[in-house]
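Residue numbers (the UniProt record's numbering), protein chains in the order written: chain F, 1 to 253; chain D, 1 to 223. Heads up: the structure comes next, in structure tokens.
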Amino acid sequence: MAHAQTAPSRYVVEAYDIHKSFGDFEALKGVNLTVAPQELVFIIGPSGSGKSTMLRCCNLLEQPTSGQVKITGEEITNRSVDINKVRQRIGMVFQQFNLYPHMSALGNVSLALRKVKKMARSEAEDRAQAALQRVGLADKAGNHPTELSGGQQQRVAIARAIAMEPDVILFDEPTSALDPELVGSVLEVMRELRESGMTMVVVSHEMRFARDAADRVIFMDGGLVVEEGTPERIFTDARSDRLKSFLHSVTGH
Amino acid sequence: MERFLDQFFNLEIMARYLPDVAAGFLVTIQLALSVIVTGLLFGLALAVVRAFQVRPVNWLIILFVDLFRALPPLVILIIFYFGLPFIGITMSAFVISWIVLASVLAAFAEEIYWAGITSVNRGQWEASRSTGLGFTQTLFYVVIPQAIRMTIPPLTNRTIAITKNTALASVVTVEEMLTVAQTSLAYAANTSPLTMAAIGYLLIFFPLTMASRWVETRYAWKR
Ligand SMILES: Nc1ncnc2c1ncn2[C@@H]1O[C@H](COP(=O)(O)OP(=O)(O)OP(=O)(O)O)[C@@H](O)[C@H]1O
Ligand SMILES: [Mg+2]
């Protein structure tokens, strides 16, 4: 992907020395994150460790207090960058789905295609329909969010992200608000995305999914990256006490 | 009973004053519709401008809104009617009534819309902005449609309450329905013209409440 006046980069996402303070409280204390093309990076860690904040710094939903974020080599923390242009290339999926309740599934997926990518309605709707098809909801295009199950809503939210054909999708606990029996359908879609080569950063407590699907796992605690490695290494060979006790608390043994 | 009927439903008197009351009815309807349309639009415009959070502009909006909500509409009407000529502005009593009542409605409507805008979940803003929509686009395509749907019930209540104040225009000589009814009542020494006016108000406000219920169900979505 070529972008004017930026050097090509080996990475889709690069974040260097990210600090983020909320008032006196320092939620991120110098975090680095690099994500290569087609990589699935998993972020785990206890509640309040700064996972969401880190993810949200990657598309500037949170403005880092200091540090540098690059997307495909373009430095987006530079104030002269048009953030709306950059965000088209960074999908985001939220814990609470955040679908627009006044629009159908098709409307939800096609809004940004029409208003940001400036596609004609028919073209946008064709593309939206294809995205819904990909998440297995072709027959729900006309339904409003309230007429869909939580799992279906989250898949519409994923369709909304993939329809923009982003360079990377950020997932913030995509299955945490779902009833257990609906989690599988969302993970299935994420697995399919991963196989199709989508670059993904996932904050989640689904350790089983991390084990089978992640290329790399990052463990955060207290606003810092404490350990990082392959799933194999993180889950079977934890070095720090903090990771050991975290894994103990989530897996229960 | 007969005396009651004679006093309130005297058909002969009703027939005699029907043309006058009907003319007043038309004036009232014109005034009411003008007030509703412009007041609601002006209120929405104010709420939209306020969303951009430009400090001095917001102070002005809040000043306007608080002033027009605090003062009784009759007081504002009288001040405008008798005050404007002093600063060289002459307008018909109808136009002044229209402007004043529309402004009062706009002031209340602005507060209601604003409450709607701020009650839209932050996640809606974030989802929209994360796909690349700008602030203004998000406001217009995502937030305001939801805010308006949420505000339909309180907004209709306010609209009806304020539009009833068209009767106040009688004070500044607008020949609206109540003015006509009162004059007729004095001439005829009989309350039947007022009964006609009451029926006239029902004819205006019943459809309004029904329309609002229709809008409410039409645009409601299950939560
Ligand atoms: N907007 C904010 N204002 C103030 N404090 C905040 C804000 N957002 C996050 N924080 C604080 O920053 C810290 C990190 O929050 P964050 O949401 O990133 O944690 P997390 O790792 O995602 O936790 P969880 O697993 O519970 O989602 C927390 O202590 C939180 O209270
Ligand atoms: Mg979080």
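Ideal placement from N, C-alpha and C gives every residue a C-beta, glycine not left out. Quick caveat, the model's predicted, so the values are computed rather than measured.
Quiz item: For F/Met-1, does the count of other Cβ atoms within 10 angstroms reach 16, so buried, or fall short, so exposed?
Solution: Locating residue 1 of chain F in the first sequence gives position 1, where the first residue counts as 1. Because the pLDDT of F/Met-1 is 46, which lies under 50, any placement of that residue in the model is unreliable, and the question is left without a value.
Exercise. Give the interface partners of residue 224 of chain D over in chain F, defined as CB-CB distance under 8 Å, in chain order.
Key: Limits of chain D in this structure are 1 at one end and 223 at the other, which puts residue 224 of chain D out of reach.
Exercise. Determine the extent of the beta strand (DSSP E) in which F/Ser-21 is found, giving its start and end residues.
Key: By one-based count along the first sequence, residue 21 of chain F stands at place 21. Counting along the chain, the beta strand (DSSP E) containing F/Ser-21 begins and ends at 13-22.
Quiz item: Between the beta-carbon of D/Ile-112 and the beta-carbon of D/Ile-144, is there less than 8 Å?
Solution: Locating residue 112 of chain D in the second sequence gives position 112, where the first residue counts as 1. Locating residue 144 of chain D in the second sequence gives position 144, where the first residue counts as 1. Going by C-beta atoms, D/Ile-112 is not nearer than 8 Å to D/Ile-144.
Quiz prompt | Expected contact under 8 Å - CB spacing of F/Val-41 and F/Val-12 to nearest Å | solution = Here residue 41 of chain F corresponds to residue number 41 of the first sequence, with the count starting at 1. Here residue 12 of chain F corresponds to residue number 12 of the first sequence, with the count starting at 1. Contact doesn't hold; Cβ gap of about 10 Å is too wide.
Exercise. Report buried or exposed for D/Asn-165, applying the criterion of at least 16 other Cβ atoms within 10 angstroms of its Cβ.
Key: Along the second sequence, read from residue 1 onward, the residue named residue 165 of chain D stands at position 165. Buried.
Quiz item: Along chain D, which residues have their Cβ under 7 Å away from the Cβ of F/Lys-115?
Solution: Reading the first sequence from its first residue, position 115 is the one you call residue 115 of chain F. Result: Leu-133, Gln-137 and Tyr-141.
Quiz item: Hey, is F/Phe-22's beta-carbon within less than 8 Å of any beta-carbon in chain D?
Solution: Here the question's residue 22 of chain F lines up with position 22 in the first sequence. Not closer than 8 Å to any Cβ of chain D, the Cβ of F/Phe-22 fails to qualify, so no.
Quiz prompt | Nearest residue (CA-CA) to F/Gly-48, options F/Glu-26, F/Cys-57, F/Glu-39 and F/Pro-64 | solution = Residue mapping note: residue 48 of chain F aligns to position 48 of the first sequence, counting from 1. Of the listed residues, the one whose Cα sits closest to F/Gly-48 is F/Glu-26.
Quiz prompt | F/Asn-32: first and last residue of the uninterrupted beta strand (DSSP E) it sits in | solution = What you label residue 32 of chain F is simply residue 32 of the first sequence in a count that begins at 1. Element bounds for F/Asn-32: 25-35.
Quiz item: chain D partners of F/Gln-96, CB-CB under 7 Å?
Solution: Sequence index remark: in the first sequence, residue 96 of chain F carries index 96 (1-based). Here the neighbours are Gly-123.
Quiz item: Under a CB-based cut-off of 8 Å, is D/Ser-170 close to chain F?
Solution: One-based indexing of the second sequence puts residue 170 of chain D at position 170. Output row for D/Ser-170: interface = no.
Practice problem: Note down the Cα distance separating D/Phe-67 from F/Gln-96, rounded to an integer number of angstroms. | Solution: In the second sequence, counting from the first residue as 1, residue 67 of chain D sits at position 67. In the first sequence, counting from the first residue as 1, residue 96 of chain F sits at position 96. According to the sequence displayed, residue 67 of chain D carries Leu and not Phe. Approximately 40 Å, taken between the alpha carbons.
Quiz prompt | Cβ pair count under 8 Å reaching 3, the segment 167-185 of chain F against the segment 111-118 of chain F | solution = no
Quiz item: Just to confirm, does D/Ser-130 get its C-beta within under 7 Å of one of the non-hydrogen atoms of ligand 1?
Solution: Along the second sequence, one-based indexing puts residue 130 of chain D at 130. D/Ser-130 Cβ: outside cutoff for every heavy atom of ligand 1.
Exercise. State yes or no: is the C-beta of F/Pro-101 within less than 8 Å of the C-beta of D/Gln-146?
Key: Counted from its first residue, the first sequence places residue 101 of chain F at position 101. Counted from its first residue, the second sequence places residue 146 of chain D at position 146. A contact, by the Cβ cut-off of 8 Å.
Self-check item: Any C-beta of chain F under 8 Å from that of D/Arg-129
Solution: Your numbering for residue 129 of chain D matches position 129 in the second sequence. Closer than 8 Å to some Cβ of chain F, the Cβ of D/Arg-129 qualifies, so yes.
Exercise. Let me know the secondary structure DSSP gives D/Met-91 once reduced to three states.
Key: Within the second sequence, the letter at position 91 stands for residue 91 of chain D. Note: D/Met-91 maps to coil in three-state DSSP.
Quiz item: Using a C-beta to C-beta distance shorter than 9 Å, which residues of chain F count as neighbours of D/Arg-50?
Solution: Start at 1 with the first residue of the second sequence, and residue 50 of chain D comes out as number 50. Within chain F, no residue comes near D/Arg-50; the closest Cβ sits about 21 Å away, beyond 9 Å.
Quiz item: For F/Gln-63 and chain D, any beta-carbon pair shorter than 8 Å?
Solution: Counting from one through the first sequence, the residue named residue 63 of chain F turns up at place 63. Not one chain D Cβ lies under 8 Å of F/Gln-63.
Quiz item: Going along the chain, which residues of its own chain have a beta-carbon closer than 7 Å to the beta-carbon of F/Tyr-16, five neighbours each way excluded?
Solution: On the first sequence, residue 16 of chain F is found 16 positions in, with the first residue counted as 1. These residues qualify, in order along the chain: Asn-32, Gly-67 and Gln-68.
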